[in-house]
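Participant: Start counting the sequence shown at 10; every next residue gets the next number (my numbering). One structure coming up, written as structure tokens, with questions to follow.
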Amino acid sequence: MNWTHPEFLYKKIIEFQTEYPDFFFTSLDKFCKNQNWNLIPYHNYEKEICEISEDGFCYIDDGEYNIFYNTDKPPTRQRFTISHEIGHIYLNHHSTVEPRLLKYSSKYTGIWEQQANIFAHNVLLPIEYIDNIKHHGIDEISKTFGLSKAMVKVRLAKLNQDKKWFKAIKNF
Ligand SMILES: [Zn+2]
Numbered sequence: 010m011n012w013t014h015p016e017f018l019y020k021k022i023i024e025f026q027t028e029y030p031d032f033f034f035t036s037l038d039k040f041c042k043n044q045n046w047n048l049i050p051y052h053n054y055e056k057e058i059c060e061i062s063e064d065g066f067c068y069i070d071d072g073e074y075n076i077f078y079n080t081d082k083p084p085t086r087q088r089f090t091i092s093h094e095i096g097h098i099y100l101n102h103h104s105t106v107e108p109r110l111l112k113y114s115s116k117y118t119g120i121w122e123q124q125a126n127i128f129a130h131n132v133l134l135p136i137e138y139i140d141n142i143k144h145h146g147i148d149e150i151s152k153t154f155g156l157s158k159a160m161v162k163v164r165l166a167k168l169n170q171d172k173k174w175f176k177a178i179k180n181f
């Protein structure tokens, strides 16, 4: 299947959620350790690394995945960034997208970036919980799941699109 098709993306999300059903309550540190992926913090004062990305990026070196993340960003943002990078790994973007483009994602926004964002939204705030908690409001949802309010807002705004694809895939 063509990796750029939404069917590929949503099938991979379902596969991930089946494999790691409690991902959204797991420490990402622990999760990455279990996968043998290196989680490497950096700081705002490390200008050369920040030039690659202010938030984080991921690259393969000698078959090993290295996820870099800016530890000076708010913890909720770090959580999103790392999950976004996990999305790139799980969706095999390192073999389908030119590595240079994966690093400088803020300057080149391709479909892989949208895919990694949709992946992160869904694994951090799974669709099956949303209908039960939606009425609690953005503040409470962001606290419960350790996510930024901005992310929860985007997640809720794009919910129908996600629901449509999950439904379609279950009927395929
Ligand atoms: Zn990215």
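Virtual Cβ for every residue (Gly too), placed ideally from N, Cα, C. No experiment lies behind these values; they were computed from the predicted model shown.
Is it right to say His213 is buried, meaning 16 or more other beta carbons lie within 10 angstroms of its own, or is it exposed?
Facilitator: Because the chain in this structure spans residues 10 to 181, residue 213 falls outside the shown range and cannot be described.
Participant: Distance check for Ile98 and Gln44, CA to CA, integer angstroms please.
Facilitator: Straight through space, the alpha carbons of Ile98 and Gln44 are spaced by roughly 11 Å.
Participant: Can you list, in chain order, the stretches of the alpha helix (DSSP H) that have 4 or more residues and sit fully within the region 16 to 53?
Facilitator: 37 to 44
Participant: Among the candidates Asp81, Tyr29, His103 and Ala159, whose CA atom is the shortest distance from the CA of Gly72?
Facilitator: His103
Participant: Would you say Tyr74 and Thr90 are within 8 Å of each other, going by their C-beta atoms?
Facilitator: In this structure, Tyr74 lies away from Thr90, with their beta-carbon atoms at least 8 Å apart.
Participant: For ligand 1, I want to know if His97 counts as a neighbour, meaning its beta carbon is within less than 7 Å of at least one of the ligand's heavy atoms.
Facilitator: Flag set: Cβ of His97 near ligand 1.
Participant: When you compare the CB positions of Gln124 and Leu156, do they come within less than 8 Å of one another, or not?
Facilitator: no
Participant: Indicate the three-state DSSP secondary structure (helix, strand or coil) for Glu149 in the structure shown.
Facilitator: DSSP places Glu149 in helix when its eight states are reduced to three.
Participant: Any beta carbon from chain C within less than 8 Å of Asp81's own beta carbon?
Facilitator: Absence of chain C from the displayed structure is noted, only one protein chain being present.
Participant: For Ile49, which residues in the same chain have their Cβ closer than 8 Å to its Cβ, ignoring the five residues on either side in sequence?
Facilitator: Asn75, Ile76, Phe77 and Tyr78
Participant: Taking the DSSP output, what are the residues bridged to Ile69?
Facilitator: Tyr74
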